[in-house]
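Numbering (my numbering), first residue to last: 7 to 308. Quick reminder that beta carbons are idealized off the backbone N, C-alpha and C, glycines included. Bear in mind the structure is a predicted one, so any value in this text is a computation, not a measurement. Scroll down for the structure; my scribbles are underneath it.
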């Protein structure tokens with residue numbers, strides 16, 4: 007019995023020690039002496055941020071900005087606040103804070119990462135499907151392109167290209183959705199500008215086509231399909247048809263656009279089966295979704 011009591015007392019004492027140690031560490035983490043310096047405030051807030059106490063960290067970073075307006079640590083506090091918003095997935099606040107930070111400190115050592123996170127903050131506000139408002143897609147593209155231009159050797163280059171391409175795919179899907187609606191209403195001329203946008207602005211998204219064989223019959227079939235495409239798409243055959251034909255069958259042939267045109271048949275209006283073939287030529291069915299990309303983001307972020 008004495009041995010059992012001794013063991014129980016020992017275990018109880020150990021538990022008390024662990025509790026006191028944990029309690030002391032928590033108090034030291036959340037407590038701060040009176041009238042701390044800007045450096046002490048920043049260090050304290052940073053520790054809270056690292057421990058994921060975001061609400062408390064924001065409070066101390068804001069205190070630093072209020073009490074030490076001219077401290078060199080204010081800009082670092084601004085960046086830390088933006089990072090907290092990003093970590094909390096408050097994308098609207100993150101875009102404002104990151105954007106303001108880059109306006110004030112475009113040459114900051116972490117400008118590369120900041121611009122990447124700013125672009126992602128816009129990206130995360132995009133809808134998952136093309137039938138929603140895509141107005142923010144333009145801002146996302148602007149910042150992705152800016153990143154590619156300013157930081158060609160960035161460690162984020164591959165991720166930026168991947169996200170940018172997904173935004174372009176989403177925009178291409180929307181163009182096709184609108185064109186398909188007009189085609190379904192038997193209004194090919196209304197669909198025309200959207201179809202041409204797909205070819206002119208998004209043809210590069212198509213996978214590279216196979217080299218054209220030196221086969222006269224094959225060439226004639228392709229050119230016939232292209233001619234019929236132009237016939238369907240033009241309101242003024244004498245003018246636009248010539249331009250369209252030159253675009254798809256001229257000396258400088260765009261293989262992607264030619265493949266796109268060759269998918270279409272010669273019916274008076276595009277049939278449902280033709281629409282899906284056209285959609286297939288855009289490789290939409292094989293594209294990664296926004297949802298899948300966002301789920302993989304942990305692998306792409308620092």
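Can you tell me whether residue 128 is helix, strand or coil according to DSSP? Helix, per DSSP.
Test item: CB-CB of residue 62 and residue 54 under 8 Å: Yes, Cβ-Cβ distance for residue 62 and residue 54 is below 8 Å.
Below 6 Å CB to CB, which residues in the same chain sit around residue 188 once its five sequence neighbours on both sides are set aside? So the list reads 196 and 197, once near-sequence residues are dropped.
Just to confirm, are residue 183 and residue 137 a CB contact at a threshold of 8 Å? By the CB criterion at 8 Å, residue 183 and residue 137 fall inside the cutoff.
Does the beta-carbon distance from residue 117 to residue 128 come in below 8 Å? No; because the gap between Cβ atoms is not below 8 Å, this pair is not in contact.
Whole angstroms are fine: how far does the CA of residue 191 sit from the CA of residue 65? Those two C-alpha atoms are separated by around 57 Å.
Which of the three DSSP states, helix, strand or coil, is assigned to residue 73? In the structure shown, residue 73 sits in a helix (DSSP, three-state: H, G or I).
If you run the structure through DSSP and keep just helix, strand and coil, what is residue 103? Three-state result, residue 103: helix.
Do you know how far the Cα of residue 41 is from the Cα of residue 159? Each residue's Cα considered, the two are about 44 Å apart.
In three-state terms, what does DSSP make of residue 50? Looking at residue 50 - three-state DSSP - the assignment turns out to be helix.
Select from 100, 186, 143 and 157 the residue whose C-alpha is nearest the C-alpha of residue 170. The candidate whose alpha carbon is nearest that of residue 170 is 143.
So what's residue 188 in DSSP terms, helix, strand or just coil? The three-state reading of DSSP puts residue 188 in helix, counting H, G and I together.
Helix, strand or coil: which one does DSSP assign to residue 143? The answer is helix: DSSP assigns residue 143 an H, G or I state.
Return the chain-ordered list of same chain residues with a C-beta closer than 7 Å to the C-beta of residue 101, the five sequence neighbours on each side being excluded. Contacts found: 124, 127 and 128.
Assign residue 84 to one of two classes, buried (16 or more other C-beta atoms within 10 Å of its C-beta) or exposed (fewer than that). Classification of residue 84: buried, given that the 10 Å Cβ count is 16 or more.
Take residue 166 and list the residues in its own chain whose beta-carbon comes closer than 8 Å to its own, dropping the five residues that flank it on each side. These residues qualify, in order along the chain: 122, 125, 150, 153, 154 and 160.
At a Cβ threshold of 8 Å, is residue 151 touching chain B? Of the chains in the structure shown, none is chain B; there is only one protein chain.
Should residue 266 be labelled buried (16 or more other beta-carbon atoms within 10 Å of its own) or exposed? Confidence at residue 266 is low in this model, with a pLDDT of 48, below 50, so the placement of that residue should be treated as unreliable; the coordinate-derived value is given next. In the assembly as shown, residue 266 is a buried residue. Its beta-carbon has 16 or more other beta-carbons within 10 Å.
Please state whether DSSP places residue 122 in a helix, a strand or coil. In the structure shown, residue 122 sits in a helix (DSSP, three-state: H, G or I).
How close, in whole Å, do the beta carbons of residue 88 and residue 103 come, if the pair is a contact with beta carbons under 8 Å? Residue 88 to residue 103, Cβ: 4 Å. Contact.
Cβ of residue 176 within 8 Å of Cβ of residue 132? Their beta carbons are under 8 Å apart, which means residue 176 touches residue 132 by this criterion.
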